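Protein chains in written order, with the numbering used here: chain A, 67 to 284; chain B, 67 to 284.
Input: a single structure, listed below in structure tokens.
Protein chains: 2
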Amino acid sequence: MVGKMQSQTVESPTDATARKIDSHQQIVDAAAQCFMLKGLEKATIDDIADVLDATKGRVYHHFRSKNAIYFAVHRQAMQYCFEAVKPVIEQSMPCTEKIEAMAAAHARVMMDTLPYQRSIRLGVEMYLRGSTTESEREVLAELIAQRNEYEDLYRDVLRKGVSEGSLSVPNVEIAGRMMMGALNGLVDWYRVRPEQTDADREDIARTLARTIVRGLKA
Amino acid sequence: MVGKMQSQTVESPTDATARKIDSHQQIVDAAAQCFMLKGLEKATIDDIADVLDATKGRVYHHFRSKNAIYFAVHRQAMQYCFEAVKPVIEQSMPCTEKIEAMAAAHARVMMDTLPYQRSIRLGVEMYLRGSTTESEREVLAELIAQRNEYEDLYRDVLRKGVSEGSLSVPNVEIAGRMMMGALNGLVDWYRVRPEQTDADREDIARTLARTIVRGLKA
DNA sequence: GGCGCAACATTCTCGGTAGTATGTTTATCG
DNA sequence: CGATAAACATACTACCGAGAATGTTGCGCC
């Protein structure tokens, strides 16, 4: 009875923290939306609060600064990427297929988490020049390191493919950059349309990945 | 004698306009630098003036607003691109080679005019939401149209190559986006280093173009 | 049933920036 | 040489947004 009542009237500690995390996540979601729509600097804290029908107070209760929110968005975006390619990495398949599958997975995540991916594109290193505190610099360094780590996943497969002979690139570094550019470019031209189905996105992802890996030549 | 003196002591009207254009260009150059370093909104008019060892007064004498400066930078960036690929377009060569040469030329211009190309990447359509006046919207529309026109140059060659059978892409639209993403991505990772020679840039451009056109597959 | 604390809302301040208004110098032209 | 205008510099205003300070509410717990 106590247990039952608890779930209805009072709140267990786990429920409380769950609600906190939820509120936290809502703010990050709203921030990603605002950053995408108005840009990093033009999006104000009030804008973010407005999306949630709340005020600045709520936002500043969960985040120390606007930069902290941006970091949270960035971190989340990277996590989405890692989660998307991880299952592909773990699979055992030829390098040619694997790099194409990874590219397709990345393309999917670009479309599926568009607000996040667009946000991190609008700032990255350049955002926060000078005005950054020491602790913020550390977070920034961590995020950049994470991005390098992520891109290394691709370069590793490229290198393996070259050594196996299944892939042929004159320069792994440049090939990796090429891939990332082509894939991340999605956020610049892909537009969400209501009538688009999941299959449509999958098709775009596959076609893009195929074009990158197999090239344009007949 | 008068003619000779004129060129030394007094200034002919053409000299005057030339100097005006020069001052104009200096401001645009400085703006591109600032935009690249600090971002579009964080770069202030004073920053731009500082680069020129001047003050706001000079900038506002030549440009009505900050947006107008951005437009000038954008326009110039596009012009650099057009000028770079124009000679390639006019040449007669197989589509496979042509698209690769165009890609290499574009890559070159990305590196050679980095401040401009980075600037236009940081704003484009999203920059100026709402606060834009009607006349500014028109300029913006013109710039976007120009960009489409530029990208059409690539799509045209792609289509021709497909119809000829020398190129094989499942989707010209996506292939074009892929190319642009891979090429424009250069501004994100390319860093100018003093020891870099012209040959180094050329090598990067060629390798990148080759990788895009021929793909990663062996 | 009041105490404390978390989760907000409200209000204010302060720094910074686009844009303006006005002063000052330099050069062209009658 | 004197007038006139371009090409700036200087000084000022008006506004906006981040962050802080403070006030308010509601839930959990002794």
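We put the CB at the ideal spot given by N, CA and C, even for glycine.
In this text the structure is predicted, and so the values were computed from the model without any measurement.
Check, Outcome
"Could you name the residues that DSSP lists as bridge partners for K283/B?", "L233/A"
"Buried or exposed for A207/A, please, with buried defined as at least 16 other CB atoms from any protein chain shown within 10 angstroms of its CB.", "exposed"
"Quick check: the region 176 to 185 of chain A against the region 139 to 155 of chain A, are there 3 or more CB pairs under 8 Å?", "yes"
"Tell me which same chain residues have a C-beta within less than 8 Å of the C-beta of S185/B, skipping the five on either side of it?", "A97, A98, F101, M102, L106, Y136, V139, H140 and A143"
"Rounded to whole angstroms, what is the Cα-Cα separation between R124/A and K108/A?", "20 Å"
"Using a cut-off of 8 Å between C-beta atoms, extract the partners of M244/A located in chain B.", "A248, G251, L274, T277 and I278"
"To the nearest angstrom, how far is it from the Cα of C161/B to the Cα of Y256/A?", "27 Å"
"The alpha helix (DSSP H) spanning Y256/B covers which residue range?", "Looking at the DSSP string, Y256/B is not in any alpha helix (DSSP H), and its letter there is neither H nor E."
"Give the secondary structure of P160/B by DSSP, where H, G and I count as helix, E and B as strand, and everything else as coil.", "coil"
"Is it buried or exposed, A211/B, if we count other Cβ atoms within 10 angstroms and call 16 or more buried?", "exposed"
"Given that a residue counts as buried once 16 or more other Cβ atoms are within 10 Å of its Cβ, and exposed if not, what is T199/B?", "exposed"
"What runs of the alpha helix (DSSP H), each 4 residues or longer, lie entirely inside the region 109 to 142 of chain A?", "111 to 117 and 122 to 128"
"Is there a Cβ of chain A sitting closer than 8 Å to that of N237/B, yes or no?", "yes"
"Are there 16 or more other CB atoms within 10 angstroms of the CB of G231/A, so buried, or fewer, so exposed?", "exposed"
"If we cut at 8 Å on Cβ distances, does G231/A have a partner in chain B?", "yes"
"Pick out whichever of I93/A, Q157/A and F148/A has its Cα sitting closest to the Cα of Y126/A.", "I93/A"
"Among R243/B, R203/B, E204/B and V205/B, which one has its Cα closest to the Cα of Y220/B?", "R243/B"
"CB-CB under 8 Å to F129/B, same chain, minus the five flanking residues each way: which ones, in chain order?", "I93, I135 and A138"
"To the nearest angstrom, how far is it from the Cα of L233/A to the Cα of I278/A?", "12 Å"
"For the region 106 to 120 of chain A, which residues have a CB atom closer than 7 Å to at least one CB atom of chain B, in sequence order?", "E107 and K108"
"Assuming E217/A contacts M177/A (C-beta within less than 8 Å), just tell me the rounded distance between them.", "Contact flag wrong, Cβ pair sits at about 19 Å."
"What does K132/A touch in chain B if you count any residue whose Cβ is under 7 Å from its own?", "Within chain B, no residue comes near K132/A; the closest Cβ sits about 13 Å away, beyond 7 Å."
"Verify the CB distance criterion: does I210/B have a CB-CB separation below 8 Å to chain A?", "no"
"So which of R276/B, S131/B and V151/B has the shortest CA-CA distance to P236/A?", "R276/B"
"What does the Cβ neighbour count give for R259/A, buried or exposed, with the cut at 16 atoms within 10 Å?", "exposed"
"Grouping DSSP H, G and I as helix and E and B as strand, with all else coil, what is L106/A?", "coil"
"Under 8 Å Cβ-Cβ, which residues of chain B neighbour S185/A?", "Simply none; closest approach about 11 Å."
"Beta carbon of I165/A, beta carbon of G227/A: below 8 Å?", "yes"
"Quick check on this structure: which residue in Q145/A, A120/A and R187/A has the alpha carbon closest to the alpha carbon of L252/A?", "R187/A"
"Please confirm whether K164/A has its beta-carbon closer than 8 Å to some beta-carbon of chain B.", "no"
"Whose C-alpha, out of D119/A, I270/A and K283/A, is nearest the C-alpha of A173/A?", "I270/A"
"Would you give the residue range spanned by the alpha helix (DSSP H) that L180/B belongs to?", "L180 to R187"
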